[in-house]
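Here's the structure, in structure tokens; my notes come after.
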Amino acid sequence: MGSPSCYYTLDSGVPLARNDTVDQLSTGSGGGYVLLTSTQLLENLAHFSRERIPERVVHAKAAAAKGYYEVTDDVSDITDADFLNGLGKKTEVLMRIPTTGPERGSADTVRDFRGFAVKFKTSEGNQDWVFNNQPVFFVRDPVKFPSLNRSHKRHPATNSVSADMFWDFHVNNQESIHALMFLFGDRGIPASVRTLNGYSGNTYKFTKDNGKRYVYVRVHFKSNQGIHYLTNAEGARYAGTEPDKHILDLQDAIKMGDYPSWDIYVQVIKPGDIAKAPIDIFDMTKTWPKKLYPLRKLGRVTLNKNPDNWFADVEQAAFSPSNMVPGIAPSPDPMLQARMFAYPDAQRYRLGVNYQYLPTNAPKSQVYCPIERDGRMNFTSNSGGDPNYIGSQLKPVRFLERLDKNQPPVELSKGHANDITALDQTMVSEPSPVCTLVTDKDFEQPRALWQIMASQEGAHDRFIDNLAANVSGVTVTWLRERVYGICEKLCEIFFATVFPLIPILHVRSFSEDFQQLWKSIDPVNPHNSETSIFLRRKPGFLCLLSSILFAALASSSPKRRIGALGENAQLVDTGDMYFLTTVSATLNGFPRQPSVYSLAAFIFSQSQFVREEEFSDAPEFISTAFRIALGMGLHRKVAHPGLSMAEIETRRRIWWYILHLDVMSSTSSGLSPLFVDEKMTNADFISQYDPPEWNSVNLQPEIDTRYLVASQRYEVTTKTRKILCCHFEDYFDTLTAVAEVEQDLHKVVRSTNALTDELILSANRAAEQQPSVASGSSADYLNLAATMARPFDRVWTLRPDPNDTEVVGFSAWSALLLHLMVHKAYCALYVPLFKNPAMASYEIIRSSAVKHAQAFVQLFIRVCNDSISEPYHWMYPGTYQPLQSVSLLLADLLQHPHSDHAELSHSLVDSIFELYKVDEGFVSQDDPPNRFLSTSSRDAWTLLLHTRRRALEQLGIDHHVLTPSNNEQVQEQVHNEIEIPPHFAQLTPGDGLAVANSFDWHEWDNMLGGSLGIIA
227 MGSPSCYYTL DSGVPLARND TVDQLSTGSG GGYVLLTSTQ LLENLAHFSR
277 ERIPERVVHA KAAAAKGYYE VTDDVSDITD ADFLNGLGKK TEVLMRIPTT
327 GPERGSADTV RDFRGFAVKF KTSEGNQDWV FNNQPVFFVR DPVKFPSLNR
377 SHKRHPATNS VSADMFWDFH VNNQESIHAL MFLFGDRGIP ASVRTLNGYS
427 GNTYKFTKDN GKRYVYVRVH FKSNQGIHYL TNAEGARYAG TEPDKHILDL
477 QDAIKMGDYP SWDIYVQVIK PGDIAKAPID IFDMTKTWPK KLYPLRKLGR
527 VTLNKNPDNW FADVEQAAFS PSNMVPGIAP SPDPMLQARM FAYPDAQRYR
577 LGVNYQYLPT NAPKSQVYCP IERDGRMNFT SNSGGDPNYI GSQLKPVRFL
627 ERLDKNQPPV ELSKGHANDI TALDQTMVSE PSPVCTLVTD KDFEQPRALW
677 QIMASQEGAH DRFIDNLAAN VSGVTVTWLR ERVYGICEKL CEIFFATVFP
727 LIPILHVRSF SEDFQQLWKS IDPVNPHNSE TSIFLRRKPG FLCLLSSILF
777 AALASSSPKR RIGALGENAQ LVDTGDMYFL TTVSATLNGF PRQPSVYSLA
827 AFIFSQSQFV REEEFSDAPE FISTAFRIAL GMGLHRKVAH PGLSMAEIET
877 RRRIWWYILH LDVMSSTSSG LSPLFVDEKM TNADFISQYD PPEWNSVNLQ
927 PEIDTRYLVA SQRYEVTTKT RKILCCHFED YFDTLTAVAE VEQDLHKVVR
977 STNALTDELI LSANRAAEQQ PSVASGSSAD YLNLAATMAR PFDRVWTLRP
1027 DPNDTEVVGF SAWSALLLHL MVHKAYCALY VPLFKNPAMA SYEIIRSSAV
1077 KHAQAFVQLF IRVCNDSISE PYHWMYPGTY QPLQSVSLLL ADLLQHPHSD
1127 HAELSHSLVD SIFELYKVDE GFVSQDDPPN RFLSTSSRDA WTLLLHTRRR
1177 ALEQLGIDHH VLTPSNNEQV QEQVHNEIEI PPHFAQLTPG DGLAVANSFD
1227 WHEWDNMLGG SLGIIA
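Residues in the sequence shown are numbered from 227 upward in steps of one, following the working numbering.
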């Protein structure tokens, strides 16, 4: 190193008077010719062209400092390593903490793994620990190591970082999922190299008695500065304003005397315990459970000195896992063994074969290796004239072996440190090609990590954002779908419903996909083949679209704060939530059905409120949960054969949890007695409804996890609302319109139809098994069914254009069809109960039926007024179906001797006549418009007229008096010509259900071009 007393010289030591001159022949007009005698210039130019050496192929950019290691704890029972023994002993260290993939000139604050290399200059030679800042690595097969690093670097054609290349590697090598979770988690961008940990990842051996006794260890460096990280936005900002932030941060801290330090720990496994280990202890993609293998402290590393010269001290520094002092040895870790060659070989290429003699790498101990000599830049004595071959008797080589620390060194004629007897494992096979397989075990620890993240506020949200920001750069659709597939293996609920929502910030192709989808939708037949083909090819886009719709609507729904539970505790209105869940279910049901996850999000995010005594909405919440669960068929013992095992298990657990919540809460909805004896004890309930294979002890952690996941979901919805407003204003109305098109309701109709079948069976079963509670059960179901269709009033409030009758009307008829299904349940439930007027609930049931009839017809009239303005609106496809339902309902009411029934029937039929501007002659063949009526539609009108007549007869009124026509002769002729269809002729109590079941679904579905898909 130079000093003020040094004179400037050439590199040969020759002093110069000055260093800014050049020997040249000047011309008269200026300029001149440089002479070869200008040694200073030529030497300077030649050296400048050779200053740069190859940068490291990985870990090129780093922060570094010098310091010392101090022993703080006695570990003499597990290792003889001198630098690890002797309390208070200090050893000089050099630490280098680099990024992995980026080049030497890159920014410090990129999302990447960090290396964590430490060189201990001990009295027994150099000990290098070449670790990472994450406890696991991406691969465990050494042959994949070069490919891994190439996939994280620049594309060979574009010379730019490629998300396609990155994910193409990882979706085909899914053992990397654990490391990816660390990469895209909070620790992916450290705030400083002082605030990160270091982990060996590889398994080492700590040995005693010259290797005769040993244990396996993994080493941990724990930062005493805490763990701090940057967000993506912060990292990007520093990358633009302070690209060398980590380097300067470390240097500034040391300059100010704020010396960073790390405590060193090891996890220990004895050889005899390997068979009991829950994981392969030599697998670098997995961690050792700390509960089984606790941390044991060794000492502390402190950095207190910045490099004197970066190139000499840091750039030329070479670290290698093969540098191990006595007391430390390699294990049968394949990745460690490969690294033991790759690292020193990389340094030989980069620095030369004699790199270990450079001052920054030179050990403090004696070096004598006469068989390794010569080569470029050998600065040593080159072992003089000593033999450069093995086995010389002219000058025998001495060896040192430590048998006991209390005995003097013993000279041996030959050593056996590398003898085959030192191998610690018995070979079990002949040499053969090996490549490990990815199994579900590779996802166990990642899933556990996902649950740990749930306890850290906002960790899930940040992870999703970080991951989505990277995945957004994937330009290949099927590759992005495969990324989603990997993520679903971590937490199916969250990733199947929420993760595809986030990339709207980034996915470049979303706009094009959406425009293509919208153009392909036929307003008359929204499920035409072109639309179906498009959605089948882009299932991820469909999930994205449905999630956007769900989030946009959810974020705008009314919420009530629960003050006792904190500022952030919110309850989504149950009516809104039911509507949103059903809409989400219809959209998400193609090609798979993650609607069960929407229900899970709803239930688990709100269930904590039910346990609060002051929470008055608990019955409403549980009732809503019951409605949705029943509609989705969660109570069925046999699930749909197309569901995955995860979906089946989720459905079972959600259903169990709803029952458990209702039975055990202080504010029961009263619905669970239909499925569970309300006198049942907690133990009895768990015994019946909680099978041993997923008992409550095992279920609760998953419930808690899903509750936290669901909470994150509702945070995401607010963000999505902002995204929609900021980035997709032009599409927002269109997205809302999508909710109005028939495709949003046709599957709800199907599920409701299935629900009514279940209601009927449950009611009949209750009547047979528990006659005393049958009436109460049926009344509960009446209320349940009556409220099922209520949220569909939003069909009108959500439409983008109130005058858009084509869209609104189309959905309106589906809403009426839904009501028809509800009426089908009424027919089965209340008609049998009318047979016994003495039942306590008779009046309640009768009153409910009347109210339902009124609400039904009012909705029918409202839909017609809203959506049909043509003169012959009765020709609208499917008109007869809701008319059929009205007629059936009124006909059933007329079976019972209540004058208000007849009044109601007469009033409602007249309202329909007035609305349609028709009279009894409408069904005559002589009426010109009648030629447009199908057989089923004519039957519907006929039944309606028949019902009206029966009502008038009960009221004692001649129906001819009320006929608008003045031609009594024609009226009488029409009356005589009306032929009641055979299956409508004789209505008796309960026949309404039979008639409803006799509808020709195929005919009705075909009238609408098969768009509703009623027939499975």
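Using N, Cα and C, we set each Cβ at its ideal position, and we do this for glycine too.
Per DSSP, the bridge partner or partners of residue i
i, result
"Lys434", "Arg439"
"Leu529", "Gly293"
"Gln493", "Arg444, Leu521"
"Val387", "Arg380"
"Pro416", "Tyr455"
"Tyr425", "Asn358, His446"
"Thr235", "Pro241"
"Trp488", "Ser449, Val527"
"Ala288", "Pro324"
Burial state of residue i (16 or more Cβ within 10 Å)
i, result
"Ala501", "exposed"
"Asp559", "buried"
"Lys370", "buried"
"Gly239", "exposed"
"Asp303", "exposed"
"Lys516", "exposed"
"Gln592", "exposed"
"Ile690", "buried"
"Cys232", "exposed"
"Pro241", "exposed"
"Met550", "buried"
"Ile678", "exposed"
"Asp666", "exposed"
"Cys661", "exposed"
"Ala459", "exposed"
"Asp354", "buried"
"Glu541", "buried"
Start-to-end residues for the alpha helix (DSSP H) that takes in residue i
i, result
"Trp676", "670–680"
"Trp704", "703–714"
"Phe410", "403–410"
"Glu269", "265–274"
"Ile473", "471–481"
"Pro372", "371–377"
Residue span of the beta strand (DSSP E) that contains residue i, given as start and end
i, result
"Leu251", "250–252"
"Pro659", "Counting along the chain, Pro659 falls outside any beta strand (DSSP E), and DSSP gives it neither H nor E."
"Asn352", "351–358"
"Asp687", "Unbroken run through Asp687 is the alpha helix (DSSP H), 685–697; no beta strand (DSSP E)."
"Arg322", "316–324"
"Tyr259", "258–260"
"Ala307", "Looking at the DSSP string, Ala307 is not in any beta strand (DSSP E), and its letter there is neither H nor E."
"Gly341", "341–348"
Distance between beta carbons of residue j and residue i, contact taken as under 8 angstroms
i, j, result
"Met321", "Ala272", "Not confirmed; about 35 angstroms, so no contact."
"Val356", "Tyr583", "Not a contact, Cβ separation roughly 20 angstroms."
"Pro552", "Glu350", "6 angstroms"
"Gly699", "Ala503", "Not confirmed; about 39 angstroms, so no contact."
"Ala289", "His404", "The Cβ separation is near 26 angstroms, so there is no contact."
"Asn692", "Arg413", "Not really, about 11 angstroms apart at Cβ, beyond 8 angstroms."
"Leu562", "Pro585", "About 28 angstroms separates the two Cβ atoms, so there is no contact after all."
"Gln671", "Lys431", "Not quite, the Cβ-Cβ distance comes to about 23 angstroms (not below 8 angstroms), so this is no contact."
"Gly202", "Thr298", "There is no way to answer for residue 202, as the model of the chain reaches only from 227 to 1242."
### Message
Ignoring anything shorter than 3 residues, give me the beta strand (DSSP E) runs that lie fully in the stretch 539–603, in order along the chain.
### Response
554–556
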